[in-house]
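See below for the structure under consideration.
Chains as they are written, first to last, in the working numbering: chain A, 46 to 406; chain B, 156 to 479.
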């Protein structure tokens, strides 16, 4: 199969979309920095995971950075994000600090979820970021609910609910599409199609005519397929969906085609079995959104090699600091195990002090 | 004090809480225009309109998950399951999302939802519609579970559940919806985690929840009339949180206990209660703690036999006589 991006028709010049025309050079540099932060953060995470500093799984987002950075760059005060377990990119893109994210990976008390969630469960409600969810497709009704909440409260906002291509075959996604359309809810389902649901390729897992997003047609939901290697296109097409949510309170399904450079998780022993090393190299060489954006900015005379090196140095320092912060942070106290289970117990309200909530001894 | 039926008590609680808090919204299959499959929400849509009382498609995973998501933004959805048995198709949303989101976010999020509906056998609707999942759900730290047995308890606990800031699984009973109890006209709340002595007694403790409480009360009458045994009936009301002190108090008084539930026996609620009694009241016991549960098979359809499958007063009497 040729890389999926090569098969997408590219008729339009998305750089000229008004949402991109409005960008200042420093905005464009910021996007590069954000993508670089995600990549270098995860490379460090990978290194320390492999060295045994972390437990569980580590699902790397590397190769897909343009999706989180492009979409989240459009968020206004009432726009929200929720995603699946490959969640580091979105977390950093909405403004979470590397420190709290790295510390969470290390299982430390200073982590964003106090070391209780791990890699798949980053949260920052203060930044309209609602996780970080481990069950494939399980977050799709939650995204619907956030949109329901916005509409109920009379707020003009949108919810970007991210999911992988593997999640499109889960039933609750279709139930959510039905309700989103039936009730005019401002939710945008963003399928990050990296073409593999774990080790099973798109063509072995999903039935479709032209693309996955087309399935929205049956629910009378507008949809679009997006070339995920192009930050301008991501922003332009996502803005259309956000406008639809804000102005018409209507849902959208966006399929953003992308590619992960690493395996399903770092523990994916078959990462180079179910897809050929040639394929991976081809994507890295020709479709890496970070390289392409960097080249774009050089072409636009916004970026010099010197400036890029400076970005690399700054990001490397931030990553190093976050690793040091995580290493130096304490593990949660044993007493933390039964904290954050019940709101009423945590607050020691009358309800929280009435009856037995925990059942050891 | 006026007598009202169980479903009316629930309806009043929902009505009062909708009036009290603009963030309370009722959702579920047929709850609005149809007035509820079991008429618990009778008249509420007409009174409160489309925003507060919302009909959903048959789509439990989506509307329960949606309620969880909306609650993260501060809404207080009260979601009806036409039967609690249908929670199985929304299990991921209940267990992983409602149950775990607070923990996994390190306490940044809470989820003030109520999921309510009937959870009982005994109506000859077959195994798929007759589950009693209070033990399944009470097994999940993060969820709360209540099983009111009377109209009075149902109203007071429902109002508390809606105001609670954690997810509450509220289990009703279709066989009780039409039963009458005294319910005061003035507002009252019943806290979760507080059991209720439904009948004082001194010879044995009959500990139960849900409809099994009424079965135990009938057994207590038989025991008094035919065997001169004065049984105490303790209604747990709330499964998690659980009023352990009330259990110990009763057992320490009577020195004997029979536990009754319409749950299945394996890892039923009463398995937990029995374990706690032997641990905390070992020296107070004059006999082994015995249990009566629903007979251990999927709910049978045959009307004559399903009545046999659930605990009966005579089953309780027989168990009590074996240790008194």
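Glycine residues also receive a C-beta, built at the ideal position from the N, C-alpha and C atoms.
Please read all numbers here as calculations on a predicted model, not as lab measurements.
Query, Result
"9 Å Cβ cut-off: residues of chain A touching residue 248 (chain B)", "183, 186, 187, 217"
"Contact with chain A by residue 320 (chain B), beta-carbon distance below 8 Å", "yes"
"Three-pair Cβ contact test at 8 Å for the stretch 144-161 of chain A versus the stretch 365-374 of chain A", "yes"
"Closest residue to residue 113 (chain A) among A:224, A:123, A:80, A:121 (Cα-Cα distance)", "A:80"
"Beta carbon of residue 310 (chain B) nearer than 8 Å to that of residue 167 (chain B)", "yes"
"Chain A contact for residue 414 (chain B) (CB, 8 Å cutoff)", "no"
"Three-state secondary structure assigned by DSSP to residue 446 (chain B)", "strand"
"Contained alpha helix (DSSP H) runs [length at least 4] in the stretch 221-273 of chain A, N- to C-terminal order", "247-250"
"C-beta neighbour in chain A for residue 241 (chain B), strict 8 Å", "no"
"Entirely enclosed alpha helix (DSSP H) segments - the stretch 300-341 of chain A, minimum 4 residues", "322-331"
"DSSP bridge partner residues for residue 299 (chain B) (one or two, in chain order)", "B:323"
"Contacting positions in the stretch 395-426 of chain B - beta carbon closer than 8 Å to chain A", "395, 396, 397, 398, 399"
"Interface flag, residue 180 (chain A) vs chain B, CB-CB below 8 Å", "yes"
"Chain A contacts from the stretch 179-209 of chain B (Cβ-Cβ distance under 8 Å)", "180, 206"
"Status (buried if at least 16 other CB within 10 Å, exposed otherwise) for residue 204 (chain B)", "exposed"
"Buried or exposed (CB count within 10 angstroms, at least 16 for buried), residue 331 (chain A)", "exposed"
"Nearest to residue 229 (chain A) (by Cα), restricted to the options A:351, A:255, A:195", "A:195"
"Proximal residues of chain B, C-beta to C-beta of residue 157 (chain A) below 9 Å", "260, 261, 263"
"Range covered by the alpha helix (DSSP H) that runs through residue 74 (chain A)", "70-95"
"Residue-level contact to chain B via CB, residue 298 (chain A), 8 Å cutoff", "no"
"Under 7 Å (Cβ pairs) to chain A, residues found in the stretch 335-353 of chain B", "346, 347, 348, 349"
"Any chain B beta carbon closer than 8 Å to residue 379 (chain A)", "no"
"4-residue-minimum alpha helix (DSSP H) runs that sit fully inside the stretch 159-215 of chain B, ordered along the chain", "161-175, 199-203"
"Residue 125 (chain A) - partner residues in DSSP beta bridges", "A:204"
"Rounded straight-line distance, which links the Cα of residue 278 (chain A) to that of residue 341 (chain A)", "13 Å"
"Amino acids of chain A, ordered along the chain, whose beta-carbon sits closer than 9 Å to that of residue 311 (chain B)", "Within chain A, no residue comes near residue 311 (chain B); the closest Cβ sits about 13 Å away, beyond 9 Å."
"Closest residue to residue 237 (chain B) among B:275, B:395, B:228 (Cα-Cα distance)", "B:275"
"Nearest-angstrom beta carbon gap, residue 363 (chain B) and residue 415 (chain B) [assumed within contact, 8 Å]", "4 Å"
"Option in B:288, B:228, B:281, B:284 with minimal Cα separation from residue 249 (chain B)", "B:288"
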